[in-house]
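J.: Residue numbers (our numbering): 6 to 294.
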Amino acid sequence: NCADKKQRRNKEESRPLISTLFSLSLAEGPIGSLGCCGWVLVILSGIFVFFTFPITIWVCFKIVQEYERAVIFRLGRITDRKAKGPGIFFILPCTDSIVKVDLRTVSFDIPPQEILTKDSVTVSVDGVVYFRVSDPIASVANVTNADFSTRLLAQTTLRNVLGTKNLAEVLSDREGIAHSMQSSLDEATDNWGIKVERVEIKDVKLPLQLQRAMAAEAEASREARAKVIAAEGEMNASRALKEASLVIAESPSALQLRYLQTLNTIAAEKNSTIIFPLPMDIISHFMRK
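Below is the structure:
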């Protein structure tokens, strides 16, 4: 009788803990989703946790960091449509498995891509992409490797976008190309639980012969502009000289003052012998006397 009383007492003490574990398992998954066999295994796992309580406590409780989330699989099924964390949470060691997902922003370089532009010019373009996981469950359940898949998609998207642009647009409209790539990547990775935050075009490398041709074109354009500017300067100077000659013709003494001003300017720079021509008007004035 004493032995029977002890067994009954142990059963009564074990019922609250088993019911607690069972309620926790029910709270983490919808009823009926695992089937009869699944729930039998869950109950057996809870009983096993109870009888090995001091040891399994280190396996049942998991901790994830502030920047992480945990996706829990129970017998191959996701227990809840929301990831766990941050902090501490409970799992069953025999039936549950977790996958940790990092929510921090990840950046990676797009390797240089040889791209044929719309006007049949081959250029090498590379860039950088910034993305983060917005839906941990979708990033685990909908794609094998979200990070690797996003990297490959970024390379193909870069080729597709730049293939519709001319060389002048590739060199001048980098910001527009980056926005177009970002919208395309964000739309394609939405089902993967990935949010593309930013795309930047780092460098555009042209072939050496094309660089020389563009440099020659730019040099010729600068020379043409320089000649036009010089011709405009000569034309303006000739107009000014014409107006000055008209003023001097109206007043002969102005020409003499101009000669004296020029002589003063030359003498102020260097002390040397200066041969200065005299106007014929002055000489004719003395010859008359």
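For each residue, glycine too, the CB sits at the ideal point set by N, CA and C. Model, not experiment: these values are computed from the prediction.
Distance, Cα to Cα, L172 vs N150?
T.: Here residue 172 refers to the residue found at position 167 when the sequence shown is read from its first residue. Here residue 150 refers to the residue found at position 145 when the sequence shown is read from its first residue. Distance between the alpha carbons of L172 and N150 is about 35 Å.
J.: Between the region 93 to 100 and the region 67 to 82, do at least 3 Cβ pairs fall closer than 8 Å?
T.: Because the criterion of three Cβ pairs below 8 Å is met, the region 93 to 100 and the region 67 to 82 touch.
J.: Quick check on M186: buried or exposed, where buried means 16 or more other Cβ atoms within 10 Å of its Cβ?
T.: In the sequence shown, the residue the question calls residue 186 occupies position 181. Under this definition M186 is a buried residue.
J.: At what residue ranges does the region 53 to 99 contain a whole run of the alpha helix (DSSP H), taking only runs of 4 or more?
T.: DSSP runs (the alpha helix (DSSP H)) wholly in the region 53 to 99: 58 to 65.
J.: Could you tell me the distance, in whole angstroms, from the CA atom of Q266 to the CA atom of L246?
T.: In the sequence shown, residue 266 corresponds to position 261, counting from 1. In the sequence shown, residue 246 corresponds to position 241, counting from 1. Rounded to the nearest angstrom, the two C-alpha atoms are 17 Å apart.
J.: Decide if W197 is buried, meaning its Cβ has at least 16 other Cβ atoms within 10 Å, or exposed.
T.: In the sequence shown, residue 197 corresponds to position 192, counting from 1. W197 is buried by the Cβ-count criterion.
J.: Pick helix, strand or coil for I170, following the three-state DSSP scheme.
T.: Position 165 of the sequence shown, counted from the first residue, corresponds to residue 170. For the record, residue 170 in the displayed sequence is Lys; it is not Ile. Correct three-state label for K170: coil.
J.: Alpha carbon to alpha carbon, what distance is there between E237 and A259?
T.: On the sequence shown, position 254 is the one that residue 259 refers to. On the sequence shown, position 232 is the one that residue 237 refers to. A259 and E237: Cα-Cα distance of roughly 28 Å.
J.: Just curious, the beta strand (DSSP E) that V233 is in, first and last residue?
T.: Residue mapping note: residue 233 aligns to position 228 of the sequence shown, counting from 1. It is not in any beta strand (DSSP E) - V233 instead sits in the alpha helix (DSSP H) that spans 213 to 255.
J.: Going by alpha carbons, who is nearest to L211 out of G51, L121, I253?
T.: Counted from its first residue, the sequence shown places residue 211 at position 206. That would be L121, whose Cα lies nearest to the Cα of L211.
J.: How about F78 and S102: are their beta carbons less than 8 Å apart?
T.: For the purposes of this step, residue 78 is identified with residue 73 of the sequence shown, where counting begins at 1. For the purposes of this step, residue 102 is identified with residue 97 of the sequence shown, where counting begins at 1. In this structure, S102 lies closer than 8 Å to F78 by Cβ.
J.: Suppose you measure from the CA of V47 to the CA of E73; what does that come to, to the nearest Å?
T.: The sequence position of residue 47 within the sequence shown is 42, counting from 1. The sequence position of residue 73 within the sequence shown is 68, counting from 1. C-alpha separation (whole angstroms): 26 Å.
J.: Exposed or buried, which one is D2 when buried takes at least 16 other CB atoms within 10 Å?
T.: Past the edges of the chain, shown from 6 to 294, lies residue 2, and the structure says nothing about it.
J.: For the beta strand (DSSP E) containing G132, list its first residue and its last residue.
T.: Locating residue 132 in the sequence shown gives position 127, where the first residue counts as 1. Run containing G132: 127 to 138, per the beta strand (DSSP E) assignment.
J.: Does the beta-carbon distance from P98 to V45 come in below 8 Å?
T.: Translated into positions along the sequence shown, residue 98 becomes position 93. Translated into positions along the sequence shown, residue 45 becomes position 40. Cβ distance not < 8 Å, so P98 and V45 don't count as in contact.
J.: Report yes if the CB atom of V204 is closer than 8 Å to the CB atom of V134, and no otherwise.
T.: On the sequence shown, position 199 is the one that residue 204 refers to. On the sequence shown, position 129 is the one that residue 134 refers to. Their beta carbons are under 8 Å apart, which means V204 touches V134 by this criterion.
J.: Return helix, strand or coil for V104, following the three-state DSSP convention.
T.: Along the sequence shown, read from residue 1 onward, the residue named residue 104 stands at position 99. V104 falls in the strand class under three-state DSSP.
J.: If contacts are defined as beta-carbon pairs under 8 Å, then V106 and V138 qualify, I think. What distance do you get, rounded to the angstrom?
T.: By 1-based counting over the sequence shown, the position of residue 106 is 101. By 1-based counting over the sequence shown, the position of residue 138 is 133. Between V138 and V106 the Cβ distance is about 6 Å, and since that is below 8 Å, they are a contact.
J.: Mind reading off the beta-carbon distance from A159 to L190? Whole number of angstroms is fine, and I expect it under 8 Å.
T.: The residue labelled residue 159 in the question sits at position 154 within the sequence shown. The residue labelled residue 190 in the question sits at position 185 within the sequence shown. Yes, A159 and L190 are in contact; Cβ-Cβ is about 6 Å, under 8 Å.
J.: Using the three-state DSSP reduction, which class does R109 fall into: helix, strand or coil?
T.: Residue mapping note: residue 109 aligns to position 104 of the sequence shown, counting from 1. Coil, per DSSP.
J.: Going by C-alpha to C-alpha distance, which of G51, S188, V76 sits closest to N147?
T.: Locating residue 147 in the sequence shown gives position 142, where the first residue counts as 1. Ranking the options by Cα distance to N147, first place goes to V76.
J.: Just to confirm before moving on: does the CB-CB distance between I142 and I83 stay below 8 Å?
T.: Taking the first residue of the sequence shown as position 1, residue 142 is located at position 137. Taking the first residue of the sequence shown as position 1, residue 83 is located at position 78. A contact, by the Cβ cut-off of 8 Å.
J.: In angstroms with no decimal places, state the Cα-to-Cα distance between E3 and I234.
T.: For residue 3 there is no data in the structure shown, the boundaries of the chain being 6 and 294.
J.: Using the rule of at least 16 other Cβ atoms within 10 Å of the residue's Cβ for burial, across every protein chain shown, is G34 buried or exposed?
T.: In the sequence shown, counting from the first residue as 1, residue 34 sits at position 29. Note that G34 scores a pLDDT of 46, beneath 50, so its modelled location is shaky; the value from the coordinates is reported in the next line. It counts as buried.
J.: On the CB-based measure, 16 or more other CB atoms within 10 Å of its CB, does A221 come out buried or exposed?
T.: By 1-based counting over the sequence shown, the position of residue 221 is 216. Looking at its Cβ environment, which holds fewer than 16 other Cβ atoms inside 10 Å, A221 is exposed.
J.: Going straight from the alpha carbon of T110 to that of D152, what length do you get?
T.: Here the question's residue 110 lines up with position 105 in the sequence shown. Here the question's residue 152 lines up with position 147 in the sequence shown. For T110 and D152, the distance between alpha carbons rounds to 11 Å.
J.: Can the beta-carbon of I206 be found closer than 8 Å to that of V130?
T.: The count along the sequence shown starts at 1 and reaches residue 206 at position 201. The count along the sequence shown starts at 1 and reaches residue 130 at position 125. Yes, the pair counts as a contact, with Cβ atoms nearer than the cut-off.
J.: May I have the straight-line CA-CA distance separating E255 from E248, to the nearest angstrom?
T.: Residue 255 sits at position 250 when you count from the first residue of the sequence shown. Residue 248 sits at position 243 when you count from the first residue of the sequence shown. For E255 and E248, the distance between alpha carbons rounds to 11 Å.
J.: For Q118, which option in R156, D85, K87, A193 has the closest C-alpha, if you only look at C-alpha atoms?
T.: Numbered from its first residue, the sequence shown carries residue 118 at position 113. Residue R156 is the option with its Cα nearest to Q118.
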